[in-house]
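*Asks:* In this note's numbering, the protein residues as written are 10 to 629.
Even for Gly, the Cβ is constructed at its ideal location relative to N, Cα and C.
Here the structure is a predicted model, which means the values were calculated and not measured.
Okay, handing you the structure first.
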């Protein structure tokens with residue numbers, strides 16, 4: 010529950026006392042040692058506690074026999090709780106195990122003394138509480154295992170072997186760890202794709218739903234990109250490997266989800282502050298209860314009912330399940346704080362090229378001499394801008410460009426056959442030796458899903474702002490067609506960041522969605538940066554949330570996930586707070602038996618985990 014605590018082996022957290030979680034789930038991680046230990050203790054303690062409880066309630070069991078039965082239950086079965094309780098005192102981090110150790114230990118020691126000098130016995134209470142807490146630990150550990158289900162499902166997508174195509178046309182299977190970039194692989198019908206790459210030859214229809222969240226299979230032809238873990242449903246093709254091992258998108262997704270599940274939401278600070286004061290306050294209430302009521306039973310009941318286990322689980326469980334659910338829907342969350350903030354965003358700023366549009370512009374017309382157009386193509390050959398690809402698709406380079414320089418948001422310059430060529434703003438203006446010689450008209454089609462996405466975001470009351478370096482006329486045409494609320498056109502990369510700052514200074518909470526290198530500063534500046542997964546690595550690294558599909562509808566899904574997570578966290582915190590607020594007074598006034606208090610504490614923890622697991626079925 011505390012990501013700053015890192016150990017090289019299983020154990021318990023020195024802050025909250027709960028069992029540590031593996032940093033990354035694996036398919037072959039073996040049995041849960043903590044769960045096996047708690048289950049063994051539970052079985053043995055339950056066998057010893059049953060006759061102890063029956064005999065004590067019927068008042069037919071002698072005191073010495075109660076001591077014999079209770080001792081292994083409390084001292085052996087409850088030993089992990091005493092160890093963690095003592096560690097909480099040593100570390101000055103009082104937690105639920107402080108209260109459990111005090112409650113069961115006090116009841117046991119008092120009863121042991123009473124066997125010698127006479128007095129009331131509370132052996133059955135100490136034993137039953139220990140057994141019920143063990144039951145709670147077993148149920149909690151089993152439920153917590155299910156929260157890593159999303160990562161395990163993703164890990165299960167990776168095939169163990171790949172079919173390598175030899176230079177002579179022969180084929181044979183190799184271990185996926187032996188695949189290297191550039192290697193040609195055959196993907197047959199029904200097979201999972203081993204690594205990320207590009208189709209070289211053949212055709213297929215690939216189910217990418219587990220990676221992108223989109224249910225419809227995607228047709229793949231030569232030149233199409235394919236992703237590790239996805240399934241080729243029909244057809245057969247040969248692909249060329251590009252990203253392998255830890256560099257595949259699937260591996261990055263698993264890594265991001267694991268990191269996000271260890272992160273903490275801001276709302277967790279509320280639980281941390283309450284917990285810091287809560288345990289000392291409960292101890293004080295228990296002491297006052299003992300002094301006023303002269304009842305050890307009431308004091309122990311206060312200690313047990315107030316265990317803040319549910320409070321500690323409330324936020325982390327929801328975060329773990331929500332980030333896993335997001336991964337299966339193509340929404341990668343870098344940290345829980347970003348997902349929490351997204352629920353409060355009121356303005357969405359979007360880039361145009363590659364976000365609203367396909368990002369694959371094409372040349373519609375031009376007024377250039379063929380020779381000049383060839384020079385332009387030669388210069389653009391060294392550029393990675395989408396416009397460069399469009400120009401190269403329309404014209405063959407004439408010569409070789411030298412001294413090529415790209416100025417982000419402005420254009421590109423270079424020298425071809427002694428002629429200084431510059432291509433750039435405004436629009437696509439071409440200059441030779443500093444003199445304008447013509448223009449190239451380029452069109453970038455709007456993505457088919459963009460209009461639907463804008464409608465969904467508007468339905469949530471969000472303001473949509475287009476932020477683009479494109480010319481105003483083009484930007485306004487796209488904006489009118491889509492119903493964009495505000496258009497900021499002809500904006501340089503540095504100016505994009507300034508627009509984000511201005512919106513924030515006006516009181517808006519801003520999310521920025523983009524896919525290019527020049528969007529990275531804006532993505533970092535926004536309250537929540539959202540990268541389109543089809544964009545560049547630097548944009549993805551700069552963003553808080555990545556949409557694997559690169560589909561703007563993913564923002565609406567991410568917003569739904571954010572709202573569902575925050576709603577779930579508030580429900581969990583409500584259960585935890587109300588449980589303690591109602592339980593402590595009842596225990597203090599003698600209206601709650603310690604054994605019932607222990608059962609109620611277990612029930613509250615399991616309720617919180619069960620409620621968090623509902624997020625796995627959230628409709629996005």
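Counting only runs that start and end within the region 297 to 360, where is the beta strand (DSSP E) found for 3 or more residues in a row?
*Replies:* Here the runs fully enclosed are 340 to 342, 356 to 359.
*Asks:* On the three-pair Cβ rule with 8 Å, is the region 278 to 285 touching the region 557 to 572?
*Replies:* Touching, no.
*Asks:* Look at residue 168 and residue 203 and say whether their C-beta atoms are less than 8 Å apart.
*Replies:* Yes; because the gap between Cβ atoms is below 8 Å, this pair is in contact.
*Asks:* Could you please give the first and the last residue of the uninterrupted beta strand (DSSP E) stretch that includes residue 374?
*Replies:* Taken as a continuous stretch (DSSP letters only), the beta strand (DSSP E) holding residue 374 covers 371 to 375.
*Asks:* First and last residue of the beta strand (DSSP E) that includes residue 416?
*Replies:* First-last of the beta strand (DSSP E) with residue 416: 410 to 416.
*Asks:* For residue 124 and residue 323, I'd like the C-alpha separation in whole angstroms.
*Replies:* Answer to the nearest angstrom: the Cα atoms are 41 Å apart.
*Asks:* At what residues does the alpha helix (DSSP H) containing residue 118 begin and finish?
*Replies:* Taken as a continuous stretch (DSSP letters only), the alpha helix (DSSP H) holding residue 118 covers 105 to 126.
*Asks:* Report yes if the C-beta distance between residue 441 and residue 375 is below 8 Å; otherwise report no.
*Replies:* It is not a contact, given that the beta carbons lie outside the stated cut-off.
*Asks:* Could you give the first and the last residue of the continuous alpha helix (DSSP H) run that contains residue 53?
*Replies:* Counting along the chain, the alpha helix (DSSP H) containing residue 53 begins and ends at 42 to 67.
*Asks:* Just checking, does the region 450 to 466 make contact with the region 412 to 422 on the three C-beta pairs under 8 Å criterion?
*Replies:* Verdict: no, contact absent.
*Asks:* Please report how far the alpha carbon of residue 599 lies from the alpha carbon of residue 307, in whole angstroms.
*Replies:* Taking the straight line from one Cα to the other gives about 5 Å.
*Asks:* Quick one: using the 10 Å Cβ neighbour count with 16 as the cut-off for buried, is residue 384 buried or exposed?
*Replies:* Residue 384 is buried by the Cβ-count criterion.
*Asks:* Quick one: grab the DSSP three-state call for residue 540.
*Replies:* In the structure shown, residue 540 sits in a strand (DSSP, three-state: E or B).
*Asks:* Since residue 484 contacts residue 475 with CB under 8 Å, what's their CB separation in whole angstroms?
*Replies:* Between residue 475 and residue 484 the Cβ distance is about 6 Å, and since that is below 8 Å, they are a contact.
*Asks:* So what does DSSP say about residue 193, is it helix, strand or coil?
*Replies:* Note: residue 193 maps to strand in three-state DSSP.
*Asks:* Between residue 272 and residue 367, is the Cβ-Cβ spacing less than 8 Å?
*Replies:* No, Cβ-Cβ distance for residue 272 and residue 367 is not below 8 Å.
*Asks:* Ordered along the chain, which non-local residues of its own chain (more than five positions away) have a Cβ less than 7 Å from that of residue 334?
*Replies:* Closer than 7 Å at Cβ, skipping near neighbours: 159, 570, 624, 625, 627.
*Asks:* With residue 112 and residue 313 assumed to form a contact (beta carbons below 8 Å), what rounded beta-carbon distance in angstroms separates them?
*Replies:* Confirmed, Cβ separation roughly 5 Å.
*Asks:* What residues are listed by DSSP as bridge partners for residue 248?
*Replies:* Paired residue(s): 194, 208.
*Asks:* Assuming residue 415 contacts residue 392 under a Cβ cut-off of 8 Å, what Cβ separation, rounded to an integer in Å, is found between them?
*Replies:* The pair is a contact, with the Cβ atoms about 6 Å apart (cut-off 8 Å).
*Asks:* Can the beta-carbon of residue 531 be found closer than 8 Å to that of residue 521?
*Replies:* Yes, the pair counts as a contact, with Cβ atoms nearer than the cut-off.
*Asks:* Tell me the DSSP secondary structure of residue 467 in three-state form.
*Replies:* Reduced to three states, the DSSP call for residue 467 is helix.
*Asks:* Going along the chain, which residues of its own chain have a beta-carbon closer than 6 Å to the beta-carbon of residue 132, five neighbours each way excluded?
*Replies:* Within the same chain, residue 132 has close Cβ partners 75, 79, 120.
*Asks:* So residue 213 and residue 244 are supposed to be a Cβ contact under 8 Å. How far apart are they, rounded?
*Replies:* Right, their Cβ atoms sit about 4 Å apart.
*Asks:* When the Cα atoms are used, what is the spatial distance from residue 428 to residue 233?
*Replies:* If you take the alpha carbons of residue 428 and residue 233, they lie about 37 Å apart.
*Asks:* In whole angstroms, give me the CA-to-CA distance for residue 151 and residue 44.
*Replies:* Cα to Cα, residue 151 sits roughly 7 Å from residue 44.
*Asks:* Taking residue 332 as the reference, give the member of 65, 566, 456 with the closest Cα.
*Replies:* For the residues 65, 566, 456, the minimum Cα distance to residue 332 belongs to 566.
*Asks:* I think residue 184 touches residue 251, with their Cβ atoms under 8 Å apart; what is that distance to the nearest whole Å?
*Replies:* Wrong, their Cβ atoms sit about 19 Å apart, outside the cutoff.
*Asks:* In its own chain, which residues sit with a C-beta less than 8 Å from the C-beta of residue 98, not counting the 5 before and 5 after it?
*Replies:* Once the five neighbours on either side are set aside, the close Cβ partners of residue 98 are 107.
*Asks:* Is residue 317 near residue 105, with beta carbons less than 8 Å apart?
*Replies:* It is a contact, given that the beta carbons lie within the stated cut-off.
*Asks:* Within 10 Å of its beta-carbon, does residue 305 have 16 or more other beta-carbons around it, so buried, or fewer, so exposed?
*Replies:* Per the 10 Å Cβ criterion, buried.
*Asks:* Would you list the residues sitting across from residue 149 in a DSSP beta bridge?
*Replies:* BP columns for residue 149 are empty, so no partner.
*Asks:* Rounding to the nearest angstrom, what Cα-Cα distance links residue 544 and residue 607 in this structure?
*Replies:* For residue 544, the pLDDT reaches just 46, beneath the cut-off of 50, and the residue's location in the model is therefore unreliable, although a value from the coordinates is still provided. One C-alpha to the other measures close to 53 Å.
*Asks:* Could you check how far apart the C-beta atoms of residue 538 and residue 340 are, in whole angstroms? I think they sit under 8 Å.
*Replies:* Not really, about 14 Å apart at Cβ, beyond 8 Å.
*Asks:* So, for residue 154: in the same chain, excluding its five sequence neighbours on each side, which residues have a beta-carbon less than 7 Å away from its beta-carbon?
*Replies:* Once the five neighbours on either side are set aside, the close Cβ partners of residue 154 are 41.
*Asks:* So residue 110 and residue 309 are supposed to be a Cβ contact under 8 Å. How far apart are they, rounded?
*Replies:* That pair is no contact at about 12 Å.
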